[in-house]
Each structure stands twice: as structure tokens, then as C-alpha cells.
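Enquirer:
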Amino acid sequence: MSAATANEKVTFATNWLAQAEHGGYYQAVADGSYAACGLDVTIQQGGPQGSGRPLLMAGKIDFYMGGNMLQAFDAVNQGIPLRVVAATFQKEPQVIMAHPGEGLDKWEDLPKADQYIIGDEGAQSFFLWMVSEFGFDAAKRVPYTFNPAAFIANKKSIQQGYVTSEPHAVAKEGGFQPNLFLLADYGFNTYATTIEAMQTTIDTRPEVVQCFVDGSAKGWYNYLYGDNKAANEAIKKDNPDITDEQIAFSIEMMKKYGIVDSGDTEKLGIGAMTDERMQSFYDKMVKAKVLPAGIDIKKGYTLQFVNKGIGLDLKK
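Those letters in the sequence shown? Residues 1 to 316, by the UniProt record's numbering.
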């Protein structure tokens, strides 16, 4: 396969403000992993106002950072020719947090909590699975305002969060380490922080897609296991509000919980995906009534560019 045309300009839009959870992409720009196969990559950071998927569909950007597979399967359902070409996160970082020593120290204790602080998006997705699979009581759910104060104040409550983010805020503001339950470890087995491309890009510029997927994988290995100083400087330039402390915490948690590098990636490389895992997650979402039955989920992703072991040699 030929390399992408020398220095072909491509834009990758993220779905949130720059942070360590995007570190591998910033690393691949900084350390030349994209340039090595012919891409000049611009990272366009997202934020609370922006949505990059319409830009992807309109051809204004080349790649978009998807959340998890629910959006990709929904796109198939809507007839949108969009595909996930790699899965940067093997585990979605979604956790449920609980106060230690309040009888909420095990996953099976959590349904007994007085209230579940869950955002609207979560209430339409992973929470439906928690209700159907584990007997959580839908009536106990209260909205999450992305401020941990209500959770800190109520010792009998549980709250959603990202393992890389909210526990840090709770420890700082509440002065305690919450119990953490990573949904991925209890069966919510979606891929997350995906790389999405339109089918036309895959058909007409496969070498560009391959370079971006390979470069991202190498960037992630270098970010997690190598010298990530230049990437972190670039993250702070895009998002001046982020602290070194927050970046260090996020990296530590990504490694500890195997968010990027665990399971299939150990043989297949970062970005790995399998048909079995996709089908398993889809079946669970149908059962929980998050998604309708009958979606041809294979139209939502392709294994053409992943599972080649790219970057395994960079793991230190």
C-alpha cells in the first residue's frame, strides 16, 4: 500500500477540550508519527458548544473522535455512511463512584444507594443497561449537573464519572477517595474514543486512513510509555485551563484501568476491534432497549485498518 501523498493535510476533530485522554493524537503530531507516513495533521479541539459529526458528514473534516459505538450503530440506523476505523479506548472510562464505608463497597451493593446521580445522556444509555441487567431502580435517578457537590454531600448516593476525571475532583473537593466501579469491567463492553471516517474517505483515500490509524496507534504507545512532554505542552496550549496534575492523574488512571492498552491490544495493537465484541455489545444494548433490533452493525465499522500489531515494538 502506498504511503499517503507527501504532507497531505488532514483535520481530526476531537469531541471535547484538549486533555490527556486525547494525548496519543497530540503525541503523533509532536513526534512525527503522522508525518512519517505522509500526513500533515491538524487537531481541532471540541468543546461544550461544538459537534464535529456534522462537519465530518459535510466533508469539512477528515476524521472525528466518536464517543462510543452507540453513535456509530445509530448512524447505521439513520442510513449515514459513517464508519469507525479504529477504537482507541478498549474500555469506556465511565465509572460509578460511591462513598467508602457506607455499605456501597461492592458492585452488587450499588442498587441500594439512596440516589443515583446520572446525566441525561447516561440515563438513555448505560443506565438503561444497569437497570435491565442489574436491577437498578430507575426512580432513584437524579440528573447530574457535572458538579460533584451533591454526591459529596450525600454519603448514600452514587454518581457517574470518567475514571480519568471525576475521582480527581472528588478527592480534591471532598477530601476522600471514592470507590470506583468501571462499567467496562462489569460488562458494558463498548469501545470508546473511536476514530470515525466517512465511507467515501475509506473508498477513495484508504492510504490516508491507514496512515492516520497507524500514526495514532504509535502516538498512543509513545504517549503512554515514552516521553510525552511535547504532547502535553500542545494539550495545554489548546486548553490553557488544564493542569499538569490533572494530566498526570488521567495518564495514571488510563494505565491502571487498561483504558487504551489491555485485552486484545496486547496482541493486535492499540486501536484493536473484533466482530465478536461489537456483536456482544450490540446484543446487550438491544436487550436493554437502548438500540432497536435489526441494525446491520457491520456497516458501522471496518476492521480493514486495525489489528496489525502496529506500534507494539514501542511499548516499554
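Quick reminder that beta carbons are idealized off the backbone N, C-alpha and C, glycines included.
Bear in mind that the values here come from a model prediction, so they are computed numbers and not experimental data.
(1) To the nearest angstrom, report how far apart K316 and R277 are at their CA atoms.
(2) Please report how far the alpha carbon of Q27 lies from the alpha carbon of A248, in whole angstroms.
(3) Nearest to N68 by CA position, among P93, D238 and G258, is which residue?
(4) By how many angstroms is the C-alpha of V209 removed from the C-alpha of T201?
(5) CB I295 to CB N77, shorter than 7 Å?
(6) If we count Cβ pairs, one from each stretch, closer than 8 Å, do we get three or more for the region 164 to 179 versus the region 41 to 56?
(7) Just confirm the distance between the C-beta atoms of Y223 and G24, as a whole number of angstroms; I'd bet it's less than 8 Å.
(8) Per DSSP, what kind of secondary structure is D313 in: helix, strand or coil?
(9) Counting only the same chain and skipping the five closest in sequence on each side, list residues whose C-beta sits under 6 Å from that of M253.
(10) Measure the alpha-carbon distance for M198 versus A87 and round it to whole angstroms.
(11) I'd like the span of the alpha helix (DSSP H) that includes Y116, first residue to last.
(12) Under 7 Å, do G311 and K236 count as touching if we go by C-beta distance?
(13) Which residues share a DSSP beta bridge with L39?
(14) How far does the alpha helix (DSSP H) with Y26 in it reach, from first residue to last?
Expert: Answer, in terms of the structure:
(1) 27 Å
(2) 15 Å
(3) P93
(4) 8 Å
(5) yes
(6) no
(7) 5 Å
(8) helix
(9) V163 and T164
(10) 15 Å
(11) Looking at the DSSP string, Y116 is not in any alpha helix (DSSP H); the run it does join, the beta strand (DSSP E), is Q115 to I117.
(12) no
(13) E8
(14) G23 to A30
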